[in-house]
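> Numbering (this note's numbering), first residue to last: 3 to 532. Below is one structure. I have some questions about it.
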């Protein structure tokens with residue numbers, strides 16, 4: 003099934019699939035900029051905004067692991083075409099959604115398409131490239147997701163400034179169409195000769211547990227018995243998932259969705275935990291800070307996007323420097339670099355708690371850039387540490403599991419930290435004398451509060467709303483900074499030193515390179531990028 007090595011068609015196919023992954027990466031960064039606009043245009047309260055963001059990552063985390071298995075069993079090209087149609091159709095649905103609930107459903111469909119795109123794009127590479135050529139092809143494919151980070155805030159800001167909010171989803175359509183034609187024309191069909199067993203029970207239990215926990219934490223009333231029963235129910239389902247996966251793993255001829263045995267490795271367990279902590283904080287910050295810029299500081303979407311660039315640049319610089327530092331320090335390199343990353347991240351976040359509505363753009367850029375650099379130091383290094391002790395055969399499965407757990411952390415970052423901001427905001431509001439309808443609108447979120455203040459012409463209410471959301475943002479940054487300090491201490495205490503043999507250099511970055519072969523064998527998604 004392999005295309006002739008002299009043909010350039012396969013590289014054009016890789017470029018086309020890279021464009022599709024670029025669209026998925028842009029979607030993550032662009033949407034956060036659009037949240038204030040969505041709050042106003044769709045009259046969405048804070049919990050609805052949380053669901054609009056979380057529905058994508060929730061479905062992504064649930065389907066990322068089994069996504070490649072579908073292609074292994076029934077044809078990778080067939081399911082890749084289905085993924086592209088789903089991603090493009092869901093993008094169109096998102097653009098023309100008329101209510102928060104409709105957009106939440108459309109975003110969930112978009113997440114399903116995105117969850118299939120990554121492992122299937124990697125999974126077709128073994129049928130196109132030799133083992134020697136494959137790392138280069140994987141780098142091209144996944145490099146597109148990295149490009150999305152600096153491009154997203156600029157492109158998203160420009161679109162929101164000049165067009166309606168739906169345009170941030172319509173940009174997915176041209177690249178998806180190009181990828182669809184290229185895949186149909188250029189890719190051969192392939193499937194596993196001995197396809198692995200599909201763990202339907204694992205898929206259902208993991209999806210149900212994560213969904214119930216997300217539902218419990220978004221807009222949670224922590225004094226309510228109902229909330230705690232929902233949390234307990236979600237945790238119970240996840241405990242059942244662990245027992246189910248262990249049972250499946252002991253049965254001959256059956257492959258569990260989650261390889262529980264990987265967590266026997268201290269490096270894998272702690273590397274995954276630390277990477278998830280970083281993702282939890284980062285996505286909570288990206289959910290809140292664009293709203294702070296636009297609703298509190300009064301910048302437009304374009305200005306908000308430009309002011310987020312220091313985080314992206316810091317992340318890229320930190321990741322590049324981390325790799326060299328690990329190599330220079332030796333066995334203690336990962337422990338040292340991840341610790342430094344958490345410390346730098348904490349410094350940036352604690353600095354951010356001192357910001358005010360009159361803080362200079364320079365001050366804002368410094369703390370945001372420091373936070374991004376801390377993420378760049380700690381996230382890829384902790385992921386590499388997690389994979390460092392795994393065999394080559396297990397690295398594809400391991401990288402997929404790390405990505406799924408990280409996406410879960412991102413989901414709960416938006417759910418929990420967004421709820422913290424919302425509760426802190428509403429606790430500071432002084433709505434005495436307002437009609438009930440106006441008070442309810444103000445409680446829904448900062449965009450609603452600003453709109454009520456403008457309608458009533460009350461500058462006092464406006465200042466109260468802005469101060470209340472500033473307070474909520476400060477509380478969120480304080481929690482994230484404290485979490486980073488805990489992360490640094492946990493790294494020092496628990497992350498093992500990484501002894502590197504000469505053969506390990508070839509395996510370095512296995513979260514990327516092994517993903518293609520792993521996707522072929524098990525449907526493991528490999529790396530999705532930072």
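Positions of the beta carbon are idealized from the N, C-alpha and C atoms, including for glycine.
(1) According to DSSP, is residue 404 helix, strand or coil?
(2) How do the stretch 297-311 and the stretch 275-286 stand: do at least 3 beta-carbon pairs fall below 8 Å, yes or no?
(3) Quick one, which of 86, 279 and 308 has its alpha-carbon nearest residue 489's?
(4) Return helix, strand or coil for residue 131, following the three-state DSSP convention.
(5) Taking the C-alpha atoms as reference points, what is the distance between residue 327 and residue 380?
(6) So the alpha helix (DSSP H) residue 544 belongs to, where does it begin and stop?
(7) From residue 163 to residue 303, what does the alpha carbon distance come to, in whole angstroms?
(8) Going by DSSP, what residue range makes up the alpha helix (DSSP H) through residue 461?
(9) State yes or no: is the C-beta of residue 420 within less than 7 Å of the C-beta of residue 378?
(10) Return the CA-CA distance between residue 19 and residue 10, expressed in angstroms with no decimal places.
(11) Nearest-angstrom Cα distance between residue 85 and residue 119?
(12) Please classify residue 380: does DSSP put it in a helix, a strand, or coil?
(13) State the Cα-Cα distance for the pair residue 134 and residue 263, rounded to the nearest angstrom.
(14) Helix, strand or coil: how does DSSP classify residue 560 here?
(15) Skipping 5 residues on each side, what residues in its chain have a beta carbon closer than 6 Å to that of residue 139?
(16) Closest to residue 105 by CA distance: which of 368, 260, 96 and 306 is it?
(17) Which word fits residue 47, buried or exposed, when buried means at least 16 other C-beta atoms lie within 10 angstroms of its C-beta?
(18) Among 153, 122, 111 and 158, which one has its Cα closest to the Cα of residue 94?
(19) Do residue 343 and residue 376 have their C-beta atoms within less than 7 Å of each other?
(20) For residue 336, is the classification buried or exposed, using 16 other Cβ atoms within 10 angstroms of its Cβ as the cut-off for buried?
(21) Cutting at 8 Å between CB atoms, please list the residues of its own chain near residue 504, excluding the five before and the five after it.
(22) Give a yes or no on contact between the stretch 240-253 and the stretch 200-211, applying the rule of three or more CB pairs nearer than 8 Å.
(23) Taking just the CA atoms, how far does residue 158 sit from residue 305?
On the basis of the supplied data:
(1) helix
(2) no
(3) Of 86, 279 and 308, the residue nearest in Cα terms is 279.
(4) coil
(5) 12 Å
(6) Because the chain spans 3 through 532 in this model, residue 544 falls outside it and cannot be assessed.
(7) If you take the alpha carbons of residue 163 and residue 303, they lie about 6 Å apart.
(8) 461-496
(9) no
(10) 15 Å
(11) 6 Å
(12) Reduced to three states, the DSSP call for residue 380 is helix.
(13) 30 Å
(14) Any answer about residue 560 is impossible in this case: the structure gives the chain only from 3 up to 532.
(15) 16, 127 and 131
(16) 96
(17) buried
(18) 111
(19) yes
(20) buried
(21) Confidence at residue 504 is low in this model, with a pLDDT of 41, below 50, so the placement of that residue should be treated as unreliable; the coordinate-derived value is given next. Close CB contacts of residue 504 within its chain, under the 8 Å cut and outside five residues either way in sequence, are absent.
(22) yes
(23) 10 Å
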